[in-house]
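One structure below.
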Amino acid sequence: MDARIECTILMIATRFREPLALPVLAVQAGLSPFHLHRLFKSETGETPAAYLSRIRLAHAAHLMVVLPDAPLVQIALESGFTSAATFARAFRQHFGETASDYRRRRQLAVNGASSTPALSVHRLPARRLRVQRCALEEDALSAAYNALRRRCTEARRTAVGVFVDAPFHQHRAGCRHYLGLESDSTDHDAHALELPGGLYARVPVSGDLDALSREILRFKSEQLDPSAYAIASTLAFEQVELPHDAPFDYRASQRWLFIKVRRKHEPAL
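The opening residue of the sequence shown carries number 1 in my numbering; numbering runs sequentially from there.
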């Protein structure tokens, strides 16, 4: 894919809450609005406006599942829509049902057990990392992490895989996922993605993507639901220690998953 379109897609993925008109995207890509519109549609099959709307709707649908106590109007505004009415029309047109019906049908089971298992919760600072997009497919992940491994220094061999969408209630091909090295921090870069600061639960994971999805759901039901914490964001990331000499194999790797959480008495958004 054209590097200018990759930058535009990353900008939309990370700044979709903002009023991203075509001229704003064009300046970032270094193209005229006309040429960006034409090249974007040629590369993706969608116009920039249609792609932005789809990303906003996917984010809203994701929030409705992982944040069941968040009001729909808050979800609409947090996802970049200017009003509840605009969101309701766009959602029904795209998904073929109301947002309320979608949420009811996709509701995740909640564990109401009285025990409070210990969570590994950490307060992390905000960071901006230079990233690259990577498909959620095991062979693609292994190849991309191996490419990062060859760029590592001896002292810093930690990489992160950022899930903008959690891969357990929608098709993985539609999930936005990015890889980067922890040492590649940046303040000004068209390929930068911000990991927000705050509280994160740390969960050990291993195996393929199906195992990862099962572990996320098990963690939510068995550890998070009975605790004093709840999911705070659609964003999560894997921390990966890359080997010095041997090739990296995603399926065989041991990793840490960091899920952004909030205390339950705090607002969902």
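Glycine residues also receive a C-beta, built at the ideal position from the N, C-alpha and C atoms.
Please read these numbers as outputs of a predicted model, since none were measured by experiment.
Residues bridged to residue i [DSSP beta-bridge criterion]
| i | result |
| --- | --- |
| Tyr200 | His122, Lys260 |
| Tyr178 | Arg133, Val162 |
| Val205 | Arg255 |
| Tyr229 | Arg263 |
| Glu238 | Gly161, Leu257 |
| Leu10 | Answer by DSSP bridge pairing: none, since Leu10 is not bridged. |
| Arg128 | Glu194 |
| Ser185 | Leu129 |
Burial state of residue i, where buried means 16 or more other Cβ atoms lie within 10 Å
| i | result |
| --- | --- |
| Pro247 | exposed |
| Ala99 | buried |
| Thr86 | exposed |
| Ser32 | exposed |
| Ala13 | buried |
| Ser114 | The pLDDT assigned to Ser114 is 48, lower than 50, so where the model puts this residue is not dependable; a value taken from the coordinates is nonetheless given after this. Exposed, since its Cβ has fewer than 16 Cβ neighbours within 10 Å. |
| Asp184 | buried |
| Ser333 | The question about residue 333 has no answer, for the chain in this structure spans 1 to 269. |
| Cys107 | The question names Cys, but residue 107 in the sequence shown is Gln. Label assigned to Gln107: exposed. |
| Gly45 | exposed |
| Val162 | buried |
| Asp187 | exposed |
| Asp225 | buried |
CB contact flag (residue i, residue j, <8 Å)
| i | j | result |
| --- | --- | --- |
| Glu78 | Arg17 | yes |
| Cys134 | Leu199 | no |
| Thr158 | Gln239 | yes |
| Val272 | Leu235 | Lying before the first or after the last residue shown, residue 272 is absent from the chain, which here runs from 1 to 269. |
| Arg251 | Glu138 | yes |
| Cys175 | Leu136 | yes |
| Tyr102 | Ala61 | yes |
| Cys152 | Leu181 | yes |
| Met1 | Glu43 | yes |
| Asp249 | Ser142 | yes |
| Ala190 | Cys7 | yes |
| Ala90 | Leu72 | no |
| Phe81 | Arg56 | yes |
| Leu119 | Gln223 | yes |
Nearest-angstrom beta carbon gap, residue j and residue i [assumed within contact, 8 Å]
| i | j | result |
| --- | --- | --- |
| Leu63 | Leu20 | No, Leu63 and Leu20 are not in contact; Cβ-Cβ is about 19 Å, not under 8 Å. |
| Arg202 | Ala228 | The Cβ separation is near 16 Å, so there is no contact. |
| Leu242 | Arg127 | The pair is not a contact, with the Cβ atoms about 18 Å apart (cut-off 8 Å). |
| Phe237 | Val160 | 5 Å |
| Arg4 | Ala29 | 4 Å |
Using 8 Å as the cut-off, can you tell me whether the region 254-264 makes contact with the region 219-233, which would need three or more C-beta pairs spanning the two stretches below that distance? yes
Contact between the region 67-75 and the region 34-49 (3+ Cβ pairs under 8 Å): no
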